[in-house]
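Engineer:
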Amino acid sequence: MLVDELNTKESSGLLSTVDRMREILHNEKITLPEIVVVGDQSVGKSSVLEAISGIQLPRAQNICTRCPLELRMKSTIATEYAVIRSSKCSENEAETLYDMNEISNVVTRLTKEIAGEGTNVSSTPIYLTVYKRNMAYDLTLIDLPGITRNPLPGQPKDIHAQILNLINKYIEPSTAVVLHVIPASVDFATSESMKLAKEYDPQCLRQLITATKIDKYDKGIAEKLLGRGPGAMQLKLGCIAVLNRNQDEIDQNISFEEMKKREAEFFIKHHEAFQYLPDEFKGIDQLVKKLAIIQQDRIRSTLPQVIEELRKQIREKTLELRNIPIPMTTEQDCWMKFQSMINAFRESIRTKINGDYDVSTRINMITVSNQASSKIHDSMMLSSLKTNENSINSISGDDRLAYHIYRFQRKFQDELTKNFSDFFSSDYYKLVLQVIDDGAGVSLPNFPSYQIIERLFHGELQRLPRTCFTLIERIRDYLKESLLRILHQTFDTQYIRLVEQLKDVIVKQIDMAADQATDRIQEILDMEYRIFTINNLYADKVNEMKERLNKKEKEQQGEAAPPAVTMAVVAPLTVQVDSLQKPDFKKLLKPISGSKTEALVSKPEDSTVKSEMLTSTSLNTSMMIPSSHKLTFNESLAAVDIQITLESYCLVVRKRIIDIISQICYHQFITKCALVIDQALTVACPSSDLLRFMKEPAEQTSRREHLIRTIKAYEDALRLGQGYL
0 MLVDELNTKE
10 SSGLLSTVDR
20 MREILHNEKI
30 TLPEIVVVGD
40 QSVGKSSVLE
50 AISGIQLPRA
60 QNICTRCPLE
70 LRMKSTIATE
80 YAVIRSSKCS
90 ENEAETLYDM
100 NEISNVVTRL
110 TKEIAGEGTN
120 VSSTPIYLTV
130 YKRNMAYDLT
140 LIDLPGITRN
150 PLPGQPKDIH
160 AQILNLINKY
170 IEPSTAVVLH
180 VIPASVDFAT
190 SESMKLAKEY
200 DPQCLRQLIT
210 ATKIDKYDKG
220 IAEKLLGRGP
230 GAMQLKLGCI
240 AVLNRNQDEI
250 DQNISFEEMK
260 KREAEFFIKH
270 HEAFQYLPDE
280 FKGIDQLVKK
290 LAIIQQDRIR
300 STLPQVIEEL
310 RKQIREKTLE
320 LRNIPIPMTT
330 EQDCWMKFQS
340 MINAFRESIR
350 TKINGDYDVS
360 TRINMITVSN
370 QASSKIHDSM
380 MLSSLKTNEN
390 SINSISGDDR
400 LAYHIYRFQR
410 KFQDELTKNF
420 SDFFSSDYYK
430 LVLQVIDDGA
440 GVSLPNFPSY
450 QIIERLFHGE
460 LQRLPRTCFT
470 LIERIRDYLK
480 ESLLRILHQT
490 FDTQYIRLVE
500 QLKDVIVKQI
510 DMAADQATDR
520 IQEILDMEYR
530 IFTINNLYAD
540 KVNEMKERLN
550 KKEKEQQGEA
560 APPAVTMAVV
570 APLTVQVDSL
580 QKPDFKKLLK
590 PISGSKTEAL
600 VSKPEDSTVK
610 SEMLTSTSLN
620 TSMMIPSSHK
630 LTFNESLAAV
640 DIQITLESYC
650 LVVRKRIIDI
660 ISQICYHQFI
670 TKCALVIDQA
680 LTVACPSSDL
690 LRFMKEPAEQ
700 TSRREHLIRT
710 IKAYEDALRL
720 GQGYL
């Protein structure tokens with residue numbers, strides 16, 4: 000039987016091993032089998048422990064135990080002595096006491112060193128090992144501070160919560176057995192320690208009660224101890240009654256051996272109350288025996304699982320330690336590591352600019368294409384960008400650099416096209432007539448002055464800068480976000496100071512690229528104030544539209560159309576235009592049947608921009624100009640020429656600006672910045688500074704050291720435990 004094995008050398012060695020393992024693993028999450036003593040303040044906890052161990056423990060009116068006391072009791076046939084130390088001290092610093100009467104004083108002193116003067120509590124344990132000749136069984140108990148509800152002078156207001164948290168820490172693990180110390184006259188079910196333990200052990204499978212102050216029992220005490228009747232608790236491990244030393248007996252220094260005799264006499268004297276209570280429910284010796292049996296049983300049943308958990312934790316912690324980068328200690332090490340990260344950063348940027356996106360990005364693109372056509376996708380993208388023109392939130396996290404730079408350029412193209420006036424609208428026709436009227440007397444009525452064209456065109460230019468600079472802002476913001484994200488992806492996050500240094504360089508380089516692009520674009524816009532082109536597109540478009548006007552006139556007169564006009568500047572037309580009516584451009588500029596030349600006003604690139612461009616309305620021109628001036632036939636023709644000229648020239652300008660500004664942005668942001676930004680990063684971090692930037696953060700050093708200590712503790716505990724499997 001297990002009781003016969005309690006005093007064997009193997010059992011004693013097993014308990015010592017578990018005690019040592021528990022001490023090693025005190026600060027770790029792995030718990031070993033243990034018996035925890037809990038109870039309210041002044042319920043006789045100290046008396047029970049004294050009776051079990053045969054030594055005097057500190058006593059006081061207030062809290063006696065202010066930090067966990069791990070009491071290890073060992074039998075010996077040699078000289079009796081005790082070894083005591085706090086967990087803050089090493090084994091070499093432990094004190095050996097040969098006078099058992101000194102134990103109380105040393106415990107008090109160590110308690111003050113740990114928890115301070117007064118009545119504060121601490122979770123730092125004291126280890127007390129007692130070697131006595133009359134010790135029946137080797138036993139280890141952990142005594143915790145008694146539960147107090149009302150703070151004493153000098154105690155924190157949350158002293159009650161502190162004590163409960165400490166108790167919960169010890170009783171929560173399934174390896175813990177809870178010994179409740181409760182006065183015999185108290186309702187066991189209402190004990191606060193019992194309520195706490197039931198939260199972690201609702202079936203009461205690992206709890207037992209020591210009923211103290213049995214001399215103050217109530218009627219029906221035997222039934223209560225057996226777990227029946229009012230105030231009882233049905234516990235698998237049972238309940239044992241003990242007789243405590245009263246204050247007079249303590250003052251008279253009655254020995255613990257004498258108290259055992261008085262306890263036995265008490266149960267005999269009160270035979271009627273306890274006659275139906277088996278002997279194993281009565282007396283301190285029965286309590287010690289039961290605790291020793293429970294302890295050995297728990298150790299033997301749970302130690303294999305503890306050993307397996309240790310092996311598992313060693314594997315996990317070792318892997319975690321390996322994943323922590325090796326700290327850089329020399330400039331050469333730092334430089335090699337830095338260059339490897341720079342190379343990865345550069346290559347990542349190049350692949351994304353070249354359209355070689357990550358597999359995950361390709362999958363996302365395929366998913367989108369399966370859900371909708373590319374046309375719908377483009378429309379959704381443009382709509383998303385329109386929602387917040389100066390923000391890149393809609394593409395946050397998307398590093399498809401080539402794709403999004405192109406989307407920005409396409410959006411720029413659409414927006415710039417919308418910046419130009421609808422030159423064939425009724426409103427613009429009014430404007431042209433007004434400008435012609437303003438310039439009366441400067442040139443011939445049928446020959447508009449150059450200043451009129453210039454004035455109208457400069458008005459168009461004034462709307463372009465905002466759109467151009469918005470393109471710069473979009474690319475700048477998106478490039479910052481993307482390159483910083485790539486930086487975090489390619490550089491180890493442990494080098495916080497290095498990454499912060501490089502982030503500043505990246506932001507600065509992109510801002511410089513934006514400034515240079517702004518200067519170049521401003522220069523381009525300034526140059527556009529000079530009206531000039533040698534692009535044949537301008538002459539072709541002018542002649543094309545005038546040819547259509549002539550064609551339409553001849554058709555109306557029933558005559559054959561004259562040959563196409565090829566001059567860049569066409570003489571005033573002789574179209575029969577009612578002096579009071581605006582020409583019907585929608586009809587006059589209708590494409591010639593069978594012609595291979597596109598009508599400018601209906602070309603595909605403008606179809607979504609000027610859908611109402613050629614809407615014809617009959618307007619009374621006398622309402623468009625001052626009543627003092629009679630609109631002449633030549634002025635109407637001049638207005639037509641001006642509209643055709645501006646439409647044709649602005650087409651050239653629009654194409655020119657869109658291409659050159661898109662090229663400038665790509666050149667400044669991509670060619671001269673993103674593709675060579677790694678060079679700026681390298682220059683910004685010379686090898687002499689890398690050691691400082693790449694110094695391991697204190698948190699990581701602490702984490703590594705903690706893992707090393709934890710692994711060593713697990714390995715030490717494992718070595719001890721494996722010998723007793």
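Taking numbering that gives the first Met the number 0 as reference, the numbering of the sequence shown is continuous, increasing by one, and the terminal residue is 724.
Where a beta carbon is used, it is the ideal one built from N, C-alpha and C, also for glycine.
1) Does the segment 428–444 come within contact of the segment 454–474, defined as at least 3 CB pairs closer than 8 Å?
2) Kindly list the residues whose CB is nearer than 7 Å to the CB of Q412, restricted to its own chain and excluding five residues on each side of it in sequence; keep chain order.
3) What distance in whole Å lies between the Cβ atoms of L109 and I102, which are believed to be in contact at a cut-off of 8 Å?
4) Might you give, ordered along the chain, the residues of its own chain that have their beta carbon closer than 8 Å to the beta carbon of T174, omitting 5 neighbours on each side?
5) Here's the rule I'm using: 16 or more other beta-carbon atoms within 10 Å means buried, otherwise exposed. How should Y477 be labelled?
6) Since I162 is in the alpha helix (DSSP H), which residue starts that stretch and which ends it?
7) Give the range of the alpha helix (DSSP H) segment to which L234 is assigned.
8) So, do the segment 36–56 and the segment 306–314 have three or more beta carbon pairs nearer to each other than 8 Å?
9) How is E69 classed by DSSP in three states: helix, strand or coil?
10) Take the Cβ of S701 as the centre, count every other Cβ of all protein chains shown within 10 Å, and call the residue buried at 16 or more, exposed below.
11) What residue from E79, Q556 and M544 has the CA that sits closest to G53's CA?
12) How is K212 classed by DSSP in three states: helix, strand or coil?
13) Please list, in chain order, all residues of the same chain as P447 whose beta carbon is under 6 Å from its beta carbon, the five residues on each side excluded.
14) Check S15 in the structure and name its three-state DSSP category.
15) Helix, strand or coil: which one does DSSP assign to E704?
16) What does DSSP give as the partner residues of Q412 in its beta bridges?
17) Give the straight-line distance between the Cα atoms of N164 and F490, rounded to the nearest whole angstrom.
18) Since I believe I158 is in contact with V120 (beta carbons under 8 Å), could you give me their beta-carbon distance rounded to a whole number of angstroms?
19) Would you list the residues sitting across from I471 in a DSSP beta bridge?
20) Does DSSP put D539 in a helix, a strand or coil?
21) According to DSSP, is R691 part of a helix, a strand, or is it coil?
22) Looking at the structure shown, is E646 part of a helix, part of a strand, or coil, going by DSSP?
23) Could you check if G153 is buried or exposed, using at least 16 other CB atoms within 10 Å of its CB as the buried criterion?
24) Determine the direct distance from the alpha carbon of S635 to that of N542, and round the result to whole angstroms.
25) Going along the chain, which residues of its own chain have a beta-carbon closer than 8 Å to the beta-carbon of T360, five neighbours each way excluded?
26) What residues in its chain sit with their C-beta under 7 Å from that of Q556, if we drop five residues either side in the sequence?
27) Could you spell out the range, first to last residue, of the beta strand (DSSP E) harbouring E94?
28) If you run the structure through DSSP and keep just helix, strand and coil, what is L1?
29) Is the segment 220–230 in contact with the segment 248–263, if contact means three or more CB pairs nearer than 8 Å?
30) Provide the residue(s) that pair with R84 in DSSP beta bridges, ordered along the chain.
31) Compare the C-alpha of R655 against each of T328, A673 and N534 and name the closest.
32) Could you give the C-beta distance for A679 and V504, rounded to a whole number, given that I count them as a contact under 8 Å?
33) Going by C-alpha distance, which of I348, Q508, I293 and Y537 is nearest H487?
34) Would you tell me roughly how many angstroms separate the C-alpha atoms of Q721 and A291, rounded to the nearest one?
35) Measuring alpha carbon to alpha carbon, tell me which of E279, I663 and V651 ends up nearest C467.
36) Taking buried to mean at least 16 other C-beta atoms within 10 Å of its own C-beta, is A188 buried or exposed?
Structural biologist: The relevant details are as follows:
1) yes
2) Within the sequence shown, numbered from 1, the residue matching residue 412 stands at position 413. Closer than 7 Å at the Cβ level, and outside the excluded window around Q412, lie I657.
3) To locate residue 102, count along the sequence shown from 1; it is residue 103. To locate residue 109, count along the sequence shown from 1; it is residue 110. The pair is not a contact, with the Cβ atoms about 11 Å apart (cut-off 8 Å).
4) Counting from one through the sequence shown, the residue named residue 174 turns up at place 175. Around T174: T30, L31, P32, E33, R297, T301 and V305.
5) The sequence position of residue 477 within the sequence shown is 478, counting from 1. The residue in question, Y477, is buried, as its Cβ has 16 or more Cβ neighbours within 10 Å.
6) For the purposes of this step, residue 162 is identified with residue 163 of the sequence shown, where counting begins at 1. Its alpha helix (DSSP H) spans residues I158 to I170.
7) Working through the sequence shown from its first residue, we reach residue 234 at position 235. Careful: L234 lies outside any alpha helix (DSSP H) and carries neither H nor E.
8) no
9) In the sequence shown, residue 69 corresponds to position 70, counting from 1. E69 falls in the strand class under three-state DSSP.
10) Looking up residue 701 in the sequence shown gives position 702. Classification of S701: exposed, given that the 10 Å Cβ count is below 16.
11) For this step, residue 53 is matched to residue 54 along the sequence shown. Ranking the options by Cα distance to G53, first place goes to E79.
12) In the sequence shown, residue 212 corresponds to position 213, counting from 1. Correct three-state label for K212: coil.
13) Here residue 447 refers to the residue found at position 448 of the sequence shown. Taken in chain order, the residues that qualify are A637 and I641.
14) The sequence position of residue 15 within the sequence shown is 16, counting from 1. Looking at S15 - three-state DSSP - the assignment turns out to be helix.
15) Counting from 1 along the sequence shown, the entry for residue 704 is found at position 705. Three-state result, E704: helix.
16) For the purposes of this step, residue 412 is identified with residue 413 of the sequence shown, where counting begins at 1. Its beta-bridge partners do not exist; DSSP assigns none.
17) Here residue 164 corresponds to residue number 165 of the sequence shown, with the count starting at 1. Here residue 490 corresponds to residue number 491 of the sequence shown, with the count starting at 1. Using only the alpha carbons, I get a separation of about 42 Å.
18) As a working mapping, residue 120 is identified with position 121 in the sequence shown. As a working mapping, residue 158 is identified with position 159 in the sequence shown. Going by Cβ atoms, the distance from V120 to I158 rounds to 7 Å, so yes, they are a contact pair.
19) Here residue 471 refers to the residue found at position 472 of the sequence shown. None, per the DSSP bridge assignment.
20) As a position in the sequence shown, residue 539 is number 540, starting the count at 1. In the structure shown, D539 sits in a helix (DSSP, three-state: H, G or I).
21) In the sequence shown, residue 691 corresponds to position 692, counting from 1. Correct three-state label for R691: helix.
22) Working through the sequence shown from its first residue, we reach residue 646 at position 647. In the structure shown, E646 sits in a helix (DSSP, three-state: H, G or I).
23) Position 154 of the sequence shown holds residue 153. Exposed.
24) The sequence position of residue 542 within the sequence shown is 543, counting from 1. The sequence position of residue 635 within the sequence shown is 636, counting from 1. Cα to Cα, the separation comes out at about 18 Å.
25) Counting from 1 along the sequence shown, the entry for residue 360 is found at position 361. Summary for T360: the model assigns pLDDT 48, below 50, so the residue's position carries little reliability; its value from the coordinates is reported in the next sentence. Closer than 8 Å at Cβ, skipping near neighbours: D397, D398 and R399.
26) The residue you call residue 556 lines up with position 557 of the sequence shown. Cβ within range, chain order: n/a, list empty.
27) Against the sequence shown, residue 94 aligns to sequence position 95. Start and end: E94 to L96.
28) Sequence index remark: in the sequence shown, residue 1 carries index 2 (1-based). In this predicted model, L1 has a pLDDT of only 48, less than 50, meaning its place in the structure is not dependable enough to derive any value.
29) no
30) Within the sequence shown, residue 84 is the residue found at index 85, counting from 1. Y126, per the DSSP bridge assignment.
31) In the sequence shown, the residue the question calls residue 655 occupies position 656. It is N534 whose Cα lies nearest to the Cα of R655.
32) Here residue 679 refers to the residue found at position 680 when the sequence shown is read from its first residue. Here residue 504 refers to the residue found at position 505 when the sequence shown is read from its first residue. Indeed they touch by this definition, with Cβ atoms about 6 Å apart.
33) Here the question's residue 487 lines up with position 488 in the sequence shown. Nearest C-alpha to H487: I348.
34) Residue numbering aside, residue 721 sits at position 722 when the sequence shown is read from its first letter. Residue numbering aside, residue 291 sits at position 292 when the sequence shown is read from its first letter. Q721 and A291: Cα-Cα distance of roughly 22 Å.
35) Translated into the one-based positions of the sequence shown, residue 467 becomes position 468. Answer by Cα proximity: I663.
36) Taking the sequence shown and counting its residues from 1, the one referred to as residue 188 is at position 189. Exposed, because fewer than 16 other Cβ atoms sit within 10 Å of the Cβ of A188.
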